[in-house]
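A quick write-up on the structure given underneath.
In the working numbering, the protein residues as written are 536 to 952.
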């Protein structure tokens with residue numbers, strides 16, 4: 536098996552390498568290809584040398600000459616690149632704050648600018664993947680669900696799976712609390728990436744939802760530990776994804792971000808430390824846990840293993856609904872449990888979505904689609920329409936000025952008229 540990583544200069548990559556090492560005894564890995572842009576050459580070389588020391592002779596770790604070499608003959612391609620690097624993320628987080636709006640990498644107006652910047656690069660890479668391989672693409676590039684919507688429903692490329700570390704963390708935490716292994720846990724979990732709801736938890740044949748919602752506060756990795764009030768859980772009868780703090784506790788979260796600074800600033804500092812440690816080390820440093828993305832390697836590696844083995848396991852993935860949630864359109868890309876079989880993913884029937892959840896899903900899905908139309912038609916007017924629809928977007932007075940600030944900061948990436 537040949538696995539290619541696009542964006543391999545990321546300091547996340549060693550964790551991914553470790554995950555692939557863990558599955559290599561079950562799903563034989565022959566080559567791991569680490570590719571990144573020329574601008575990331577110094578970082579990539581450090582990651583490449585560290586990865587070779589980590590892997591030893593378990594399989595080949597290769598740094599290709601160019602992207603075509605990286606893609607030719609690949610069985611799986613992992614996207615984990617950030618268009619514009621961390622400086623662009625910093626802009627995504629800081630610009631909305633000028634307008635008293637949430638500044639966050641994937642949610643609200645930060646996610647809006649990140650998506651518009653990323654669509655053209657995704658389009659180019661998908662064309663090359665399709666031309667030079669028969670690979671399945673596993674996408675971590677943010678905003679992951681929005682990107683998956685674009686690829687599956689607008690480009691029409693089917694061998695594409697959006698992935699997030701939050702569901703695997705959720706299952707891990709339920710496992711720790713209940714003592715049941717993840718394979719014995721099934722959840723009615725659905726929504727959009729970073730906008731999901733946990734409605735039911737089954738432990739083998741037992742519905743344990745009420746007991747868990749009453750006695751356990753599930754905290755997901757990477758999210759500020761600001762608990763939802765107990766009355767909200769009682770009211771919803773569901774547990775919201777922690778990113779929904781930005782929607783449901785907007786004032787509190789905005790105040791917190793302004794006080795503590797953006798996540799991008801912290802990540803830039805952590806990355807510098809990690810790269811220094813990677814230059815001489817041969818073990819994954821503890822500091823990597825501060826970088827975020829906890830257990831993303833587990834999510835990616837185990838999905839690749841199970842796709843390869845076609846073993847009928849269940850993973851929570853971003854793909855088309857296809858009837859899984861009966862009262863949402865089939866073509867909505869959702870984050871839902873899927874069975875992995877025949878090298879593909881098949882959404883599992885979950886019944887209907889709660890009206891509160893479905894209402895928010897519809898609004899944000901329409902925002903996603905209008906944003907995609909804005910990119911495809913190069914339209915400022917459609918971009919403004921998308922911004923005004925988003926629950927965390929600007930009002931009429933600020934929208935044009937905010938859009939101009941976003942376009943100026945991304946003038947090398949986003950072209951609207």
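Quick reminder that beta carbons are idealized off the backbone N, C-alpha and C, glycines included.
Under the three-state reduction of DSSP, which class applies to residue i: helix, strand or coil?
{"i": "residue 673", "result": "strand"}
{"i": "residue 899", "result": "helix"}
{"i": "residue 870", "result": "strand"}
{"i": "residue 642", "result": "coil"}
{"i": "residue 590", "result": "helix"}
{"i": "residue 860", "result": "strand"}
{"i": "residue 817", "result": "coil"}
{"i": "residue 886", "result": "strand"}
{"i": "residue 936", "result": "helix"}
{"i": "residue 742", "result": "strand"}
{"i": "residue 876", "result": "strand"}
{"i": "residue 655", "result": "helix"}
{"i": "residue 678", "result": "coil"}
{"i": "residue 631", "result": "helix"}
{"i": "residue 753", "result": "The pLDDT assigned to residue 753 is 48, lower than 50, so where the model puts this residue is not dependable, and the model offers no usable value."}
{"i": "residue 716", "result": "coil"}
{"i": "residue 759", "result": "For residue 759, the predicted model reports a pLDDT of 45, less than 50, meaning its position is unreliable and no value from the coordinates is stated."}
Which two residues bound the contiguous beta strand (DSSP E) that contains residue i?
{"i": "residue 843", "result": "Unbroken run through residue 843 is the alpha helix (DSSP H), 831–844; no beta strand (DSSP E)."}
{"i": "residue 568", "result": "566–570"}
{"i": "residue 882", "result": "879–882"}
{"i": "residue 726", "result": "720–727"}
{"i": "residue 797", "result": "No beta strand (DSSP E) contains residue 797, which DSSP labels as neither H nor E."}
{"i": "residue 611", "result": "611–614"}
{"i": "residue 695", "result": "695–697"}
On a Cα-Cα basis, can you pick out the residue from the options that is closest to residue i?
{"i": "residue 690", "options": "709, 676, 665", "result": "665"}
{"i": "residue 842", "options": "547, 672, 607", "result": "672"}
{"i": "residue 577", "options": "667, 557, 598, 559", "result": "598"}
{"i": "residue 879", "options": "610, 716, 586", "result": "610"}
{"i": "residue 572", "options": "896, 580, 566", "result": "580"}
{"i": "residue 586", "options": "560, 593, 795, 549", "result": "549"}
{"i": "residue 814", "options": "570, 560, 582, 561", "result": "582"}
{"i": "residue 630", "options": "951, 949, 938", "result": "938"}
{"i": "residue 645", "options": "922, 660, 559, 830", "result": "922"}
{"i": "residue 712", "options": "775, 866, 746, 589", "result": "746"}
{"i": "residue 909", "options": "547, 600, 655, 584", "result": "655"}
{"i": "residue 558", "options": "947, 856, 851, 832", "result": "832"}
Buried or exposed for residue i, going by 16 or more other Cβ atoms inside 10 Å?
{"i": "residue 652", "result": "buried"}
{"i": "residue 648", "result": "buried"}
{"i": "residue 694", "result": "buried"}
{"i": "residue 888", "result": "buried"}
{"i": "residue 638", "result": "buried"}
{"i": "residue 633", "result": "exposed"}
{"i": "residue 906", "result": "buried"}
{"i": "residue 941", "result": "buried"}
{"i": "residue 932", "result": "exposed"}
{"i": "residue 764", "result": "exposed"}
{"i": "residue 770", "result": "exposed"}
{"i": "residue 554", "result": "buried"}
{"i": "residue 698", "result": "buried"}
{"i": "residue 702", "result": "buried"}
{"i": "residue 565", "result": "exposed"}
{"i": "residue 804", "result": "exposed"}
{"i": "residue 627", "result": "buried"}
{"i": "residue 845", "result": "exposed"}
{"i": "residue 563", "result": "exposed"}
{"i": "residue 952", "result": "exposed"}
Ends of the alpha helix (DSSP H) at residue i?
{"i": "residue 707", "result": "701–713"}
{"i": "residue 855", "result": "Not the alpha helix (DSSP H): residue 855 falls in the beta strand (DSSP E), residues 849–855."}
{"i": "residue 730", "result": "Here residue 730 belongs to no alpha helix (DSSP H); instead the beta strand (DSSP E) covers 730–738."}
{"i": "residue 539", "result": "Per DSSP, residue 539 belongs to no alpha helix (DSSP H); it is in the beta strand (DSSP E), 537–541."}
{"i": "residue 552", "result": "548–558"}
{"i": "residue 595", "result": "Segment 595–597 is the beta strand (DSSP E) holding residue 595; no alpha helix (DSSP H) there."}
{"i": "residue 915", "result": "915–924"}
{"i": "residue 769", "result": "765–771"}
{"i": "residue 603", "result": "602–606"}
{"i": "residue 780", "result": "780–783"}
(request) Would you be able to state if there are at least three C-beta pairs under 8 Å between the region 831–839 and the region 809–822? (result) no
(message) Taking 8 Å as the cut-off, does the region 608–625 touch the region 536–543 (at least 3 CB pairs, one atom from each stretch)?
(response) yes
(message) Check whether the region 664–682 and the region 728–736 are in contact - that is, three or more C-beta pairs closer than 8 Å.
(response) yes
(message) Check whether the region 927–939 and the region 890–900 touch, using three or more Cβ-Cβ pairs below 8 Å as the test.
(response) no
(request) Check whether the region 599–611 touches the region 732–750, taking contact to mean three or more Cβ pairs, one atom from each stretch, closer than 8 Å. (result) no
(request) Please confirm if the region 620–632 is in contact with the region 793–808, defined as three or more CB-CB distances below 8 Å between the two stretches. (result) yes
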